[in-house]
Structures are given as C-alpha cells and as structure tokens.
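Novice: Dropping a structure here in structure tokens format, bear with me for questions.
Dropping the structure here:
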C-alpha cells in the first residue's frame, strides 16, 4: 500500500511527508492527504468544494498545480468556487449556476473576471472599489512583540506587533 501511495505522490507532484501524523500537518497538507486517499481508492472524478477557503496563497498555488497534474493524468476535477482568479488559473471550462439554475458555460481563458462576476450574481459588478485612503487617528489598541506557543510548545505567533486606530477597519 505504501508503495502505491508513493507512486501516486510522484506521478501527480504531491509534496507530502508520508510519515507525518495528521494532527501535526497544516490544513493544506491535510487536504492533500484526503485527495491522496481518494486517488488511492481509484477515483477518476474529484469534486472539490471551495478547497482554497482556508489555504494560504502558496498552498492555493500548490493545489492548483496538483489539479493541473491530475487533469493531465486523465482525472476529472469538478471545482466549486466563487474565486474568480482561481477559476481563470485552474479551469478549462466554467459553468455558472445561480439559484439552482444553469446560467452559462464559458471558457475562463476568453472571458474577463467582470463578466464572470456579473453572470454569477445576475448584474454588473465593480471589482475595484475606489475609495480614499484611511487617515489614521489615535491608536485604541496596540500589541508589541507578542509571542505565543501552541499546546505542543511550538511557536504559533512570533513577535507580532500592531496598532489599531479609532475609525479603522482592521482585518
């Protein structure tokens, strides 16, 4: 079984530590393990529902690379997402469904993000919001060089410093 999994890892370009415990790896790596389990069971169609919702940008790029490798290897990927850039980066075809009804199927390489967004929501969408930059007021909350360890004693936060100002939306 391990040799079969190793072959799948090599064939599709997964970067997975086969000896790691699931609780010790990132969410992105856990997701890859789940995909590997499905491939090991011999699936030809993978349905991924908002797979990048909790991934870092690098993990997202890695997942898109894996999806491309899987498709090149003959696997079919059904990607359910609202992220326009990811649709354009990863998809060969894009079917828009709104309120349970098929709206359109388009080639994401030949349609712009504004058109995709309009088809998704049913009306034109401005993807760029023009606003004046915030003018910071007095700080109401400040953290200076905060460090935190997780329950295993590993660094979870290291030297975090930030200031939040009155009237500011901080995300």
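Residue numbers (our numbering): 336 to 506. For glycine and all other residues, C-beta sits at the position ideal for the given N, C-alpha and C. Bear in mind the structure is a predicted one, so any value in this text is a computation, not a measurement.
Only counting the same chain, and skipping five residues up and downstream in sequence, which positions put a Cβ closer than 8 Å to that of residue 429?
Specialist: Within the chain shown, residue 429 is the residue found at index 94, counting from 1. So the qualifying residues of the chain are 422, 440, 441, 442, 443, 446 and 451.
Novice: Report the option in 472, 344, 454 and 487 whose CA atom is closest to the CA atom of residue 359.
Specialist: For the purposes of this step, residue 359 is taken as residue 24 along the chain shown, with counting starting at 1. Closest by alpha carbon: 487.
Novice: If I follow the unbroken beta strand (DSSP E) through residue 492, where does it start and stop?
Specialist: What you label residue 492 is simply residue 157 of the chain shown in a count that begins at 1. Its beta strand (DSSP E) spans residues 490 to 500.
Novice: Leaving out five residues on either side along the sequence, give the residues of the same chain with a beta carbon under 6 Å from the beta carbon of residue 471.
Specialist: Along the chain shown, read from residue 1 onward, the residue named residue 471 stands at position 136. Closer than 6 Å at the Cβ level, and outside the excluded window around residue 471, lie 500.
Novice: Can you give me the start and stop residues for the beta strand (DSSP E) that residue 474 sits inside?
Specialist: One-based indexing of the chain shown puts residue 474 at position 139. Note, residue 474: beta strand (DSSP E), 474 to 484.
Novice: Let's test the definition: count the other Cβ atoms within 10 Å of the Cβ of residue 462 and tell me whether it reaches 16, buried, or not, exposed.
Specialist: Numbered from 1 along the chain shown, position 127 holds the residue referred to as residue 462. By the neighbour-count rule (16 or more Cβ atoms within 10 Å), residue 462 is not buried but exposed.
Novice: Going by DSSP, what residue range makes up the alpha helix (DSSP H) through residue 339?
Specialist: Here the question's residue 339 lines up with position 4 in the chain shown. Looking at the DSSP string, the run of the alpha helix (DSSP H) that includes residue 339 is 337 to 347.
Novice: Use the C-beta contact count for residue 367: other C-beta atoms within 10 angstroms, 16 or more gives buried, fewer gives exposed.
Specialist: Here residue 367 corresponds to residue number 32 of the chain shown, with the count starting at 1. Result: buried.
Novice: In angstroms, rounded to a whole number, what distance separates the CA positions of residue 431 and residue 392?
Specialist: Your numbering for residue 431 matches position 96 in the chain shown. Your numbering for residue 392 matches position 57 in the chain shown. Roughly 24 Å between the two C-alpha positions.
Novice: Between residue 411 and the rest of its own chain, which residues show a CB-CB distance below 8 Å, the 5 nearest in sequence each way excluded?
Specialist: On the chain shown, residue 411 is found 76 positions in, with the first residue counted as 1. Closer than 8 Å at the Cβ level, and outside the excluded window around residue 411, lie 379, 380 and 381.
Novice: Counting C-beta neighbours from all protein chains within 10 Å, is the total for residue 375 16 or more, i.e. buried, or is it exposed?
Specialist: Reading the chain shown from its first residue, position 40 is the one you call residue 375. That one is exposed.
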